[in-house]
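Asker: Submitted below is the structure of interest, expressed as structure tokens.
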Amino acid sequence: MESPEFHEITLKINGRVHQLSIPSNWTLNDVLRNRLDLTGTKRACDYGGCGSCTVLMNDVDVYSCSILAVEAQKKEIQTIEGLGDSENLHPLQKTFALSYAAQCGWCTPGMIMSAKALLDRNPRPTESEVRAALSGVLCRCTGYSSIVQAVLDAARVMRGET
Amino acid sequence: MKSLLTVGRSVAPIYGVEKATGTLRFPADVNLPNMLWMKILRSPHAHAKILDVDAAAAQKLPGVVAILTHNDVPRVLFGPYQNEIYPLDEEVRFVGDTVAAVAAEDWNVAEEAVRAIRVTYHVLPAIHDAESGAKPDAPDAVLNYPEAHEIQAGDIRPEQLGTFGNIIGLREGGPTVVNERGDVERGLEQSDVVVERIFRQSEVNAVSHEPRACVALYENGKCTLWCSVQDPYRLQDSVARVLNLPMDAVRVVATNLGGAFGVKVTGRFAILCALLARQTGKPVKIWFTREEESLDSHNRSALTHYVKAGANKDGSLTAIKVRTFLDNGYWPYGGLGQNIAFAICTRPIDLYHRCPNVKWEVFAVRTNRPSTGPYRGRADAESHFPIESVMDELAHSIQMDPIEFRLKNRIHEGDDLCSAPKKVVSTVWVEEAARKGAETIGWERRASLSTSSQGARKKGMGMAMVIHSCGSNPAGTSQAEVTIDSEGRISLFSGTADQGSEQQTTLRQMVAEVLGVRLEEVGGCNADTLTCPFDSGPFSSRTVYATGIAASRAAEEAKRKLLEGASLLLDEEVGNLDIGINFVWARSDSSKRVRLGELARLAGGSISGKGIYNGKNDQLFAYGFAAAFAEVEVDVETGEVKILRLVSSHDVGRAINPMIVEGQILGGAAQGLGYALSEGFYFDPRTGTALNQWFLDLHTPSILDTPNIEPVIVELGEPTHPFGAKGCSEISYVGVAPAIANAIYHATGARVTELPMTPDVVLKALQDARRSSA
Chain A
1 MESPEFHEIT
11 LKINGRVHQL
21 SIPSNWTLND
31 VLRNRLDLTG
41 TKRACDYGGC
51 GSCTVLMNDV
61 DVYSCSILAV
71 EAQKKEIQTI
81 EGLGDSENLH
91 PLQKTFALSY
101 AAQCGWCTPG
111 MIMSAKALLD
121 RNPRPTESEV
131 RAALSGVLCR
141 CTGYSSIVQA
151 VLDAARVMRG
161 ET
Chain B
1 MKSLLTVGRS
11 VAPIYGVEKA
21 TGTLRFPADV
31 NLPNMLWMKI
41 LRSPHAHAKI
51 LDVDAAAAQK
61 LPGVVAILTH
71 NDVPRVLFGP
81 YQNEIYPLDE
91 EVRFVGDTVA
101 AVAAEDWNVA
111 EEAVRAIRVT
121 YHVLPAIHDA
131 ESGAKPDAPD
141 AVLNYPEAHE
151 IQAGDIRPEQ
161 LGTFGNIIGL
171 REGGPTVVNE
181 RGDVERGLEQ
191 SDVVVERIFR
201 QSEVNAVSHE
211 PRACVALYEN
221 GKCTLWCSVQ
231 DPYRLQDSVA
241 RVLNLPMDAV
251 RVVATNLGGA
261 FGVKVTGRFA
271 ILCALLARQT
281 GKPVKIWFTR
291 EEESLDSHNR
301 SALTHYVKAG
311 ANKDGSLTAI
321 KVRTFLDNGY
331 WPYGGLGQNI
341 AFAICTRPID
351 LYHRCPNVKW
361 EVFAVRTNRP
371 STGPYRGRAD
381 AESHFPIESV
391 MDELAHSIQM
401 DPIEFRLKNR
411 IHEGDDLCSA
421 PKKVVSTVWV
431 EEAARKGAET
441 IGWERRASLS
451 TSSQGARKKG
461 MGMAMVIHSC
471 GSNPAGTSQA
481 EVTIDSEGRI
491 SLFSGTADQG
501 SEQQTTLRQM
511 VAEVLGVRLE
521 EVGGCNADTL
531 TCPFDSGPFS
541 SRTVYATGIA
551 ASRAAEEAKR
561 KLLEGASLLL
571 DEEVGNLDIG
581 INFVWARSDS
591 SKRVRLGELA
601 RLAGGSISGK
611 GIYNGKNDQL
621 FAYGFAAAFA
631 EVEVDVETGE
641 VKILRLVSSH
651 DVGRAINPMI
661 VEGQILGGAA
671 QGLGYALSEG
681 FYFDPRTGTA
691 LNQWFLDLHT
701 PSILDTPNIE
711 PVIVELGEPT
721 HPFGAKGCSE
731 ISYVGVAPAI
741 ANAIYHATGA
751 RVTELPMTPD
761 VVLKALQDAR
771 RSSA
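Residue numbers (the working numbering), protein chains in the order written: chain A, 1 to 162; chain B, 1 to 774.
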């Protein structure tokens, strides 16, 4: 195989526009991690099997390892870095951080982004709706209960109930 | 139990916010200017000798900076125990073994270069399973290995071990290890009931979500590595040996890892990364693909156990006879295969200390498979499935409650240990764990459970009892340092990586408690060999126990110095002084006080205390105990097993942080559920090629497969630890598979003897049960 060609692309990530020259076979994940140093988005399986690389594309949770960077043009991309920071945590980040729903932390950004997509479309999910919505993201550390609870707790906070 | 300021409270994990914001830098997240990418060429053969490597075409590709083959690397032993053979060798010993390494300006080029390297192999006969490899006429799985090596760590006394054929051991034809007492044949003969079974367990992969990464930087004669390893000090040692550098010229940073589970240890990839960084003068990064993470790891061995055990009608266990074949892979985690073998045949026997007649032989056999090693629940996950299954069947045969049968034969406080010679067990709260777990699941419902079964769906309940290490392992050493600076800020320096267990949170809670300060006042850093004192690493659930003892001792020493300094300054006896909220106070007169920072300033800028733990000479040995309970529904038509409830009950001594303890129990039990029902790592039996090295094919449980597991904590203390804690991160893995197998037996009368218990395996067991009852 010959080395891939380069493409000039424009990506909008966390509200910022980036003009980049990248090899045509680079995924969105490659660009985030290796060109923009947005390393909060992880990679674990390489092929859309685990969800550690989940980001939002036009508010839908997608696997950034399975989307070519060229395909992500003209879309609104949001990553974990765009959700909140230590001074200004998103309710999901807060409940995950405080309740040990993030053990090793590798799946956490993907889990949180997938949960964000859920809560944006369904602010009052049941436990089984949370499980169904997060079933595209795998976790090896927690046994999932604390994650489900963190999402339900964050949903309550976002509804202004606590 | 005494109520304490910080210990015993579910405080938020210190790395929680960084994890939830994605700002935590794992080794894979380190990117440096002018960094090169490294890729590895891997062997397509299970066993071969490399006759020639032609890298000329690859070298010419634009962007390729350096290529290493076995002709280019120092012939120096390395690895966790300095007994892995050379960073690259002319012999390849499994499909996926490292042949060559490329550094290039980007990974596309590095991958292209890897494909352009031409290798001529002389293919050799290969061994694909332990039992074939153990035969006297079997060809050698590995030709080139150090003649003999000393076991430097673990449970066996140091011995020069050889290899006889492919069996690692002490003598020709013998097993690797045997644990023998009494007369097992006579014991079996005189038993009222005897159960005989063969158990088979598939190899499994730890499936850490973070694929291993290493970034190496070489400048001014010094090498720094950010690497996914649990043993940064051993990697430091290996890099120093191979690069022929003094130890202080090598720095390894492994502060946070994305899961590790025992298997992320010093490896070839990191050594090669360091060599390439030196050769190119540029930073070099390697980040495994999932395929590499599966292959170039240390899996839990595939096992076969031939088990025969007897009991009398009064409930006394009379004899346990086992012969175990353990597939070690090409190289058992730097020689630790022997230790796993030893623990397999001794720990369950310690659990059933009352059994008078035992013969348990383990044959650890070298094969042409990826390396095996101590994955979560090391040795006990391997042994408890057969033993706890047989205990269940014996109890059934004498019509005794399975809990009562186990408790009648169990270990008691002060019993001598065959798993730790010359030591006796400290506390044993296994009965309390079993009773509390039974109460939680409602064990009394068990007898009538079958009446609620519907049609083809049969309900049942089973349990298993467990012993596992909790940190009291004489192989390891932990050091810690606690400092107080002139601002009064307290820092804990510990050599342990946080691989997800948030041990730094727990350790800082202990330090805060000793010093009588708020947790927020304690900071520090961990797992950086430049700044942190030595620690063997977070293995065998040892951090809270071993590093916890070291950290508490360090804090005690710092406290003593603070009080002595304050005593001179305030003219008060040390015994009349107390520390609280940044000050040392005189108890009698609260106006007599001095800031901690002021004491540090007066001492020249800093006060520090050091602590060390090494249990080698302690006579008391602490073990963790647990009981797992499962309630299942088995569909006898499809073989599907639905987990209705899973209770994991634990003797944790004392929970320093109950939220973290429960989190560890839940996570371990969920992994145990995967081992029980779905996970297996399979290889083509003719070629040795992995069949399911990709993520989803390894079948780790998803959020839809995992029920809300119920953790139960028993806190009755442990006198050998300053706060009475026992480690508990691994043990919850161990009992799940046998508890589920026993629940299936209770539901259907079918004994499942294979892991994982996939529907086809369960169906086969159901057929066997029908056939034998017909």
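We put the CB at the ideal spot given by N, CA and C, even for glycine.
For the stretch 16-37 of chain A, list every residue whose C-beta sits within 8 Å of some C-beta in chain B, in sequence order.
Answerer: If the cut-off is 8 Å between Cβ atoms, the stretch 16-37 of chain A has Pro23, Asn25, Arg33, Asn34 and Asp37 near chain B.
Asker: Residues of the stretch 107-121 of chain A in Cβ contact with chain C at a cutoff of 9 Å, in chain order, please.
Answerer: Absent here is chain C; the protein component of the structure consists of chains A and B.
Asker: With contact counted as at least three CB pairs below 8 Å, one residue from each stretch, are the stretch 14-24 of chain B and the stretch 657-675 of chain B in contact?
Answerer: No: the two stretches stay apart, fewer than three of their Cβ pairs being nearer than 8 Å.
Asker: Taking the alpha carbon of B:Asn339 as the reference point, which residue from B:Tyr81, B:Gly609 and B:Ser648 has its own alpha carbon closest?
Answerer: With distances taken between Cα atoms, B:Asn339 lies closest to B:Tyr81.
Asker: Tell me which residues share the same chain as B:Gly154 and place their Cβ nearer than 6 Å to its Cβ, disregarding the 5 neighbours each side in the sequence.
Answerer: Residue placement at B:Gly154 is flagged as unreliable, the pLDDT there being 38, under the threshold of 50; a coordinate-derived value is accordingly withheld.
Asker: Can you check DSSP and say which residues form a bridge with B:Ser608?
Answerer: Paired residues: B:Thr483.
Asker: Spatial neighbours of B:Glu521 within its chain, please: CB distance less than 8 Å, with the 5 preceding and 5 following residues excluded, ordered by chain position.
Answerer: If we look at B:Glu521 and ignore the five residues flanking it on each side, its Cβ neighbours are Gly488, Arg489, Ile490, Ala512 and Asn582.
Asker: Name the residues in the stretch 196-225 of chain B whose C-beta lies less than 7 Å from a C-beta of chain A; which are they?
Answerer: The residues in question are Val207, Ser208, His209, Glu210 and Pro211.
Asker: Of all the residues that make up the stretch 142-157 of chain A, which are near chain B by a beta-carbon distance shorter than 7 Å?
Answerer: Taking 7 Å as the Cβ-Cβ cut-off against chain B, the residues of the stretch 142-157 of chain A that qualify are Thr142, Gly143, Tyr144, Ser145 and Ser146.
Asker: By DSSP, does B:Met400 sit in helix, in strand, or in coil?
Answerer: Three-state DSSP puts B:Met400 in coil, outside helix and strand.
Asker: Which residue spans inside the stretch 667-741 of chain B form an unbroken beta strand (DSSP E) run of at least 3?
Answerer: Counting whole runs of 3 or more residues, the stretch 667-741 of chain B contains the beta strand (DSSP E) stretches 710-714.
Asker: Just to confirm the assignment: which complete alpha helix (DSSP H) runs, minimum length 4, are found wholly within the stretch 430-518 of chain B?
Answerer: DSSP runs (the alpha helix (DSSP H)) wholly in the stretch 430-518 of chain B: 430-441 and 503-515.
Asker: Taking the runs of the alpha helix (DSSP H) that are 4 residues or longer, which of them lie wholly in the stretch 7-92 of chain B?
Answerer: Whole alpha helix (DSSP H) segments, 4+ residues: 16-21 and 56-60.
Asker: Helix, strand or coil for B:Ala630 per DSSP?
Answerer: Correct three-state label for B:Ala630: strand.
Asker: So, with DSSP's three-state summary, where would you put B:Ala364?
Answerer: Three-state result, B:Ala364: strand.
Asker: Work out the CA separation of B:Ala206 and B:Leu755 for me, nearest whole Å.
Answerer: Whole-angstrom Cα-Cα distance: 15 Å.
Asker: Determine the DSSP secondary structure at B:Gln236, reduced to helix, strand or coil.
Answerer: Three-state result, B:Gln236: helix.
Asker: Where does A:Leu134 sit, in a helix, a strand or coil, going by DSSP?
Answerer: Three-state DSSP puts A:Leu134 in coil, outside helix and strand.
Asker: Helix, strand or coil: which one does DSSP assign to B:Tyr613?
Answerer: The answer is strand: DSSP assigns B:Tyr613 an E or B state.
Asker: A:Val60: buried (16+ other C-beta within 10 angstroms of its C-beta) or exposed?
Answerer: Burial call: exposed.
Asker: Contact criterion: CB-CB distance below 8 Å. Does A:Ser66 meet it with respect to chain B?
Answerer: False, the Cβ-Cβ gap to chain B never drops below 8 Å.
Asker: Which same chain residues end up closer than 6 Å to B:Ala420 when comparing Cβ atoms and leaving out the 5 residues on each side of it in sequence?
Answerer: Closer than 6 Å at Cβ, skipping near neighbours: Phe621.
Asker: Quick check: the stretch 273-283 of chain B against the stretch 180-196 of chain B, are at least 3 beta-carbon pairs closer than 8 Å?
Answerer: Cβ pair count under 8 Å is below three, so no.
Asker: Given a cut-off of 8 Å on the beta-carbon distance, is the pair A:Thr41 and A:Cys53 in contact?
Answerer: Yes, the pair counts as a contact, with Cβ atoms nearer than the cut-off.
Asker: Is the Cβ of A:Glu8 closer than 8 Å to any Cβ of chain B?
Answerer: Closer than 8 Å: no.
Asker: Starting from the C-beta of A:Leu68, find all residues in its chain whose C-beta is less than 8 Å away, skip the five residues before and the five after it, and write them out in chain order.
Answerer: So the qualifying residues of the chain are Ser24, Asn25, Trp26, Thr27 and Leu28.
Asker: Check whether chain A comes within 8 Å of B:Val119, counting only Cβ atoms and requiring the distance to be less than that.
Answerer: Output row for B:Val119: interface = no.
Asker: So, does the CB of A:Gln78 fall closer than 8 Å to a CB anywhere in chain B?
Answerer: Output row for A:Gln78: interface = no.
Asker: Report the partner residues of B:Ala270 according to the DSSP bridge assignment.
Answerer: Partner(s): none; B:Ala270 has no beta bridge.
Asker: For chain A, is any of its Cβ atoms less than 8 Å away from the one on B:Ser132?
Answerer: B:Ser132 does not count as touching chain A.
Asker: With 8 Å as the limit, tell me which residues of the stretch 14-48 of chain B have their beta carbon closer than that to any beta carbon of chain A; keep them in chain order.
Answerer: Of all residues in the stretch 14-48 of chain B, Tyr15, Gly16, Val17, Glu18, Lys19, Ala20, Thr21, Gly22, Thr23, Leu24, Arg25, Phe26, Ala28, Asp29 and Asn31 have a Cβ within less than 8 Å of some Cβ in chain A.
Asker: So, is B:Leu766 buried or exposed, given that buried needs 16 or more other C-beta atoms within 10 angstroms?
Answerer: Flag for B:Leu766 reads buried.
Asker: DSSP three-state label for B:Thr280, please.
Answerer: Of the three classes helix, strand and coil, the one that applies to B:Thr280 here is helix, per DSSP.
Asker: Should B:His412 be labelled buried (16 or more other beta-carbon atoms within 10 Å of its own) or exposed?
Answerer: Classification for B:His412: exposed.
Asker: By alpha-carbon positions, which one of B:Leu602, B:Pro211, B:Cys355 and B:Gln671 ends up nearest to B:Asp415?
Answerer: Among B:Leu602, B:Pro211, B:Cys355 and B:Gln671, the Cα nearest to that of B:Asp415 belongs to B:Cys355.
Asker: DSSP state of B:Lys222, grouped into three classes?
Answerer: Reduced to three states, the DSSP call for B:Lys222 is strand.
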